[in-house]
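Here the structure is laid out as structure tokens; the discussion comes afterwards.
2 protein chains.
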Amino acid sequence: MKKFSVGIDIGGTNTAIGIVDEDGNVLVKGGIDTPSHGDIDKYVKEMADAVKEMAKSVKLTNPDSEILGIGLGAPNGNYYSGTIEYAPNLSFKGVVHLIDLLKAQFPEYKYLALTNDANAAALGEMIYGGAKEMKNFVMYTLGTGVGSGIIVNGDLVYGHDGFAGECGHTTLIPGGRLCGCGALGHLEAYCSAPGMKRTAFELMAKYNAADSLLADKSFKELDSKMIYDAAEKGDKVAQEVFELTGKYLGQGLADTVHHLAPEAIFLFGGPTAAGDYIFKPTIASMEQHLLPIFKNKIKILPSKLKAGDAAIVGASALVWKEMDKEA
Amino acid sequence: MKKFSVGIDIGGTNTAIGIVDEDGNVLVKGGIDTPSHGDIDKYVKEMADAVKEMAKSVKLTNPDSEILGIGLGAPNGNYYSGTIEYAPNLSFKGVVHLIDLLKAQFPEYKYLALTNDANAAALGEMIYGGAKEMKNFVMYTLGTGVGSGIIVNGDLVYGHDGFAGECGHTTLIPGGRLCGCGALGHLEAYCSAPGMKRTAFELMAKYNAADSLLADKSFKELDSKMIYDAAEKGDKVAQEVFELTGKYLGQGLADTVHHLAPEAIFLFGGPTAAGDYIFKPTIASMEQHLLPIFKNKIKILPSKLKAGDAAIVGASALVWKEMDKEA
């Protein structure tokens, strides 16, 4: 009998849902709006209906199959309690007992589990991706923000309260850029896609760079893809954005190595598509900050999760991990 | 039958040895010189003779007792391989297979294990000290350097290579003070006892503070105890040293919280004897750097290990942990 799991990724505006096999292939996927109305019961009902519809279609093509459970990635998702707690980008206020609500909809599913999206991505990397043989590694997800997930001895680190792995909010530059969280100088303010844009604007200001290929873009318009395209065309400002982003990120990765001594750190997300532009300066900067005992030892690798499916696939990995824990 | 373990702490100049009961009481202790001759076989023989002598005396007063093993704390001590690797402050070159050498001397002991001193201190805190009920916490040891040990789900984090928990070498100030390891701006260069001295000298320079109680001490003379005494007497420079040290340390602790979400961080070592002088600004600074989800949640606590015995006691904790793993 084939085994499948459901992966659900709850974002600020969209909730992606898919059914995934044991190799990380997505059989069917779809989505619903993440509501702005704050009515969690209505939202869970919509979510459950969508899952049931997908499950039906999977059953048609795979009669001899079983869905074992649902894994969810959500901002401020707490694995221990199965709750979403005070998520700044969601309309649900306070503490939402999402797993309890879903259990009521799916009494037949054995495993339901919730964490944040970056933790889910780390599990996805271990179960389906480039970390299958690894027991100690870290995942950094670079996007609108910077998330991270930490694996120690083959298990995700949830910490005392369920919220471990917020490496995007370590301090890189004391008193530096304002972070979305309100603090100053956090890694996320430098190494996220918007952070790269901020670096580009700083550099254009510094060099009075009216001749840069980025100089005709407004602050609202500019994105990390444009910076990459300009770098490819030889634009000095754009190239220096990658140099600096790598310098910042490498400093942060070294801090992570000094905490955890992982075998590898995986990088995931839009900015990593730039390949050597981002990986080379990141690795050089990390090495420069490391104790001799760690030098030339820690692999910095691109994630092997497929960009489009990663959120669903990562979330679905929670189910196999729960199954594995029980065995 | 009473059970005892041997704790050995290998420092740059002295090797402390003691026999410890299950409550962390030291029954007998002593020490040998850590040799500068680099002859590991001779050193292990001396160490073994000292242990055997102590074991004999313990057996006399506790005939119905058993020594279960030896735990060792040593710079660059690798738990996985039982080796000391390229320790900068020891005369033994390259990789020294200490556990293998000791096993040959003590075939009757069930458990022999090695890690670095800060990791051992973290285990000591969990087994004998203030973290008995905790599963997720971190230990920072402030002394000549700054070490750390990380406990996740009740186990010490050794990382991929055995060397995890080097939080003293996270970067606080990019391009800042030269660290003993050769990198710039590491936490150890600010929050160790010598780091506090460096801050005092910076402040005397800044304020041209000839009236400071610290102004008649040379760079070689000044130590953290003198800074504490001066602060107690109302010396403004000395008080600001604690304010700044706390500010630096709190920034680093916040980085650790963002990685690991521990229940508590324990502080151990000379500078922590200053109590509120160091704890208050450290906590204030940490809180300022934390994500809202972590604020007012993480305890910063003084270690409950007795200062004089902590190194021996921490090392001895490795033995009970090994026993526990086997059970």
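From first to last, the protein sequence lines are chains A and B. Mind the numbering: the first sequence is residues 8 to 334 in our numbering, read in order. Mind the numbering: the second sequence is residues 8 to 334 in our numbering, read in order. Every residue, glycine too, gets a C-beta built ideally from N, C-alpha and C. All of these numbers come straight from a predicted model, not from anything done at the bench.
To the nearest angstrom, report how far apart M8 (chain A) and Y86 (chain A) are at their CA atoms.
-> Numbered from 1 along the first sequence, position 1 holds the residue referred to as residue 8 (chain A). Numbered from 1 along the first sequence, position 79 holds the residue referred to as residue 86 (chain A). Rounded to the nearest angstrom, the two C-alpha atoms are 29 Å apart.
If you compare alpha carbons, which of B:L119, B:L67, B:G84 and B:E239 is closest to L75 (chain B)?
-> Along the second sequence, one-based indexing puts residue 75 (chain B) at 68. Nearest in C-alpha terms to L75 (chain B), of all of B:L119, B:L67, B:G84 and B:E239, is B:L119.
Listed from N- to C-terminal order along the chain, which residues in the stretch 259 to 271 of chain A have their beta-carbon within a distance smaller than 9 Å of any beta-carbon of chain B?
-> The residues in question are G259, A261, D262, T263, V264, H265, H266, L267, A268, P269, E270 and A271.
C-alpha gap between A23 (chain B) and G150 (chain B), whole angstroms = Within the second sequence, residue 23 (chain B) is the residue found at index 16, counting from 1. Within the second sequence, residue 150 (chain B) is the residue found at index 143, counting from 1. Straight across, the Cα-Cα distance linking A23 (chain B) with G150 (chain B) is about 17 Å.
How about C198 (chain B): is its C-beta nearer than 9 Å to some C-beta of chain A?
-> Locating residue 198 (chain B) in the second sequence gives position 191, where the first residue counts as 1. It does not; no Cβ of chain A falls within 9 Å.
Does the beta-carbon distance from V27 (chain A) to I319 (chain A) come in below 9 Å?
-> Stepping through the first sequence from its first residue, residue 27 (chain A) is reached at position 20. Stepping through the first sequence from its first residue, residue 319 (chain A) is reached at position 312. Judged by beta-carbon spacing, I319 (chain A) lies within the 9 Å limit of V27 (chain A), meaning their Cβ atoms are closer than that value.
Check the Cβ-Cβ distances between G175 (chain B) and every residue of chain A, and say whether any is below 9 Å.
-> Working through the second sequence from its first residue, we reach residue 175 (chain B) at position 168. G175 (chain B) counts as touching chain A.
Per-residue DSSP class, three states only, for S98 (chain A) | Residue 98 (chain A) sits at position 91 when you count from the first residue of the first sequence. Note: S98 (chain A) maps to coil in three-state DSSP.
Neighbour-count burial assignment, G89 (chain A), 16 or more Cβ in a 10 Å radius | Taking the first sequence and counting its residues from 1, one reaches residue 89 (chain A) at position 82. Its Cβ being crowded by 16 or more others within 10 Å, G89 (chain A) is buried.
Let me know the alpha helix (DSSP H) ranges lying completely inside the stretch 94 to 166 of chain A, each 4 residues or longer, listed in chain order.
-> Qualifying alpha helix (DSSP H) stretches, in chain order: 105 to 112 and 124 to 134.
Taking the Cβ atom as the reference point for each residue, do I7 (chain B) and V58 (chain B) lie within a distance shorter than 9 Å?
-> The shown model of chain B, from 8 to 334, leaves out residue 7 (chain B), and the question about it has no answer.
When DSSP labels each residue in this structure, what does F11 (chain B) get in the three-state scheme?
-> Within the second sequence, the letter at position 4 stands for residue 11 (chain B). In the structure shown, F11 (chain B) falls within a strand segment according to DSSP collapsed to helix, strand and coil.
List the residues of chain B whose Cβ lies closer than 8 Å to the Cβ of A190 (chain A), in chain order.
-> What you label residue 190 (chain A) is simply residue 183 of the first sequence in a count that begins at 1. Chain B residues near A190 (chain A): Q295, H296, L297 and L298.
C-alpha gap between M330 (chain A) and K313 (chain A), whole angstroms | Against the first sequence, residue 330 (chain A) aligns to sequence position 323. Against the first sequence, residue 313 (chain A) aligns to sequence position 306. Rounded to the nearest angstrom, the two C-alpha atoms are 23 Å apart.
Who are the Cβ neighbours of I157 (chain B) in its own chain at under 6 Å, not counting the five residues just before and after it?
-> Taking the first residue of the second sequence as 1, we reach residue 157 (chain B) at position 150. Answer for I157 (chain B): V145, V164 and G172, listed in chain order.
Under 8 Å from the C-beta of A1 (chain A): neighbouring residues of chain B = Nothing can be reported for residue 1 (chain A): it is not among the residues displayed for chain A, which extend from 8 to 334.
Is it right to say D46 (chain A) is buried, meaning 16 or more other beta carbons lie within 10 angstroms of its own, or is it exposed?
-> The sequence position of residue 46 (chain A) within the first sequence is 39, counting from 1. Looking at its Cβ environment, which holds fewer than 16 other Cβ atoms inside 10 Å, D46 (chain A) is exposed.
Within chain A, the residues that Y93 (chain B) reaches when beta carbons sit closer than 8 Å = Here the question's residue 93 (chain B) lines up with position 86 in the second sequence. Those are P299 and I300, listed as they occur along chain A.
Chain B residues whose Cβ lies nearer than 9 Å to that of H167 (chain A) = Working through the first sequence from its first residue, we reach residue 167 (chain A) at position 160. Against chain B, a Cβ distance below 9 Å from H167 (chain A) picks out M141, K142, N143, F144, L267, A268, P269, E270, A271, K304 and I305.
Using a C-beta to C-beta distance shorter than 7 Å, which residues of chain A count as neighbours of I158 (chain B)?
-> In the second sequence, counting from the first residue as 1, residue 158 (chain B) sits at position 151. The contacting residues do not exist; I158 (chain B) stays about 10 Å from chain A at best.
Simplified DSSP state of I305 (chain B), which is helix, strand or coil | The residue you call residue 305 (chain B) lines up with position 298 of the second sequence. Coil at I305 (chain B), not helix or strand.
Checking contacts by CB at 9 Å: is G172 (chain A) closer than that to chain B?
-> For the purposes of this step, residue 172 (chain A) is taken as residue 165 along the first sequence, with counting starting at 1. Yes, G172 (chain A) lies at the interface with chain B (some Cβ there is under 9 Å from its Cβ).
9 Å Cβ cutoff, V164 (chain B) in contact with chain A = Taking the first residue of the second sequence as position 1, residue 164 (chain B) is located at position 157. Closer than 9 Å: yes.
Roughly how far, in whole angstroms, is the beta-carbon of L221 (chain B) from the beta-carbon of M203 (chain B), given that I think they are within contact range, below 8 Å?
-> Taking the first residue of the second sequence as position 1, residue 221 (chain B) is located at position 214. Taking the first residue of the second sequence as position 1, residue 203 (chain B) is located at position 196. The beta carbons of L221 (chain B) and M203 (chain B) sit about 11 Å from each other, so the pair does not count as a contact at 8 Å.
Looking only at its own chain, which residues have a Cβ that is under 7 Å from the Cβ of Q258 (chain A), when we skip the five neighbours before and after it?
-> Along the first sequence, read from residue 1 onward, the residue named residue 258 (chain A) stands at position 251. Cβ within range, chain order: L179, S292 and H296.
Would you list the residues sitting across from V35 (chain B) in a DSSP beta bridge?
-> Within the second sequence, numbered from 1, the residue matching residue 35 (chain B) stands at position 28. B:I26.
Cβ-based neighbour list, L267 (chain A), same chain, cut-off 8 Å, excluding 5 preceding and 5 following = The sequence position of residue 267 (chain A) within the first sequence is 260, counting from 1. The residues are N143, V145, I157 and V159.
Cβ-based burial, K254 (chain A) [other Cβ within 10 Å; buried from 16] | Stepping through the first sequence from its first residue, residue 254 (chain A) is reached at position 247. Here K254 (chain A) is buried, its C-beta having at least 16 other C-beta atoms within 10 Å.
Host beta strand (DSSP E) of T41 (chain A) (start-end) | Residue mapping note: residue 41 (chain A) aligns to position 34 of the first sequence, counting from 1. Premise fails: T41 (chain A) is in no beta strand (DSSP E) and is neither H nor E.
Determine the burial state of P278 (chain A): buried for a count of at least 16 other Cβ atoms within 10 Å of its Cβ, exposed for fewer.
-> Indexing the first sequence from 1 puts residue 278 (chain A) at position 271. Label assigned to P278 (chain A): buried.
With 16 other CB atoms within 10 Å as the buried threshold, where does P288 (chain B) fall?
-> Taking the second sequence and counting its residues from 1, one reaches residue 288 (chain B) at position 281. It is buried - the Cβ of P288 (chain B) has at least 16 other Cβ atoms within 10 Å.
Since I believe I91 (chain A) is in contact with A322 (chain A) (beta carbons under 8 Å), could you give me their beta-carbon distance rounded to a whole number of angstroms?
-> Start at 1 with the first residue of the first sequence, and residue 322 (chain A) comes out as number 315. Start at 1 with the first residue of the first sequence, and residue 91 (chain A) comes out as number 84. Not really, about 13 Å apart at Cβ, beyond 8 Å.
Are I219 (chain B) and F273 (chain B) touching if we call contact CB-CB under 9 Å?
-> Within the second sequence, the letter at position 212 stands for residue 219 (chain B). Within the second sequence, the letter at position 266 stands for residue 273 (chain B). A small correction: the amino acid at residue 219 (chain B) is Ser; Ile does not occupy that position in the sequence shown. Not a contact, by the Cβ cut-off of 9 Å.
Over the uninterrupted beta strand (DSSP E) stretch that includes E195 (chain B), give me the two end residues.
-> What you label residue 195 (chain B) is simply residue 188 of the second sequence in a count that begins at 1. Not the beta strand (DSSP E): E195 (chain B) falls in the alpha helix (DSSP H), residues E195 to C198.
Go ahead and pull the three-state DSSP assignment for S72 (chain A).
-> Against the first sequence, residue 72 (chain A) aligns to sequence position 65. Three-state result, S72 (chain A): strand.
Can you tell which of B:A62, B:D56 and B:N21 has the C-alpha that lies nearest to the C-alpha of S12 (chain B)?
-> Here residue 12 (chain B) refers to the residue found at position 5 when the second sequence is read from its first residue. The residue with the shortest Cα to Cα distance from S12 (chain B) is B:A62.
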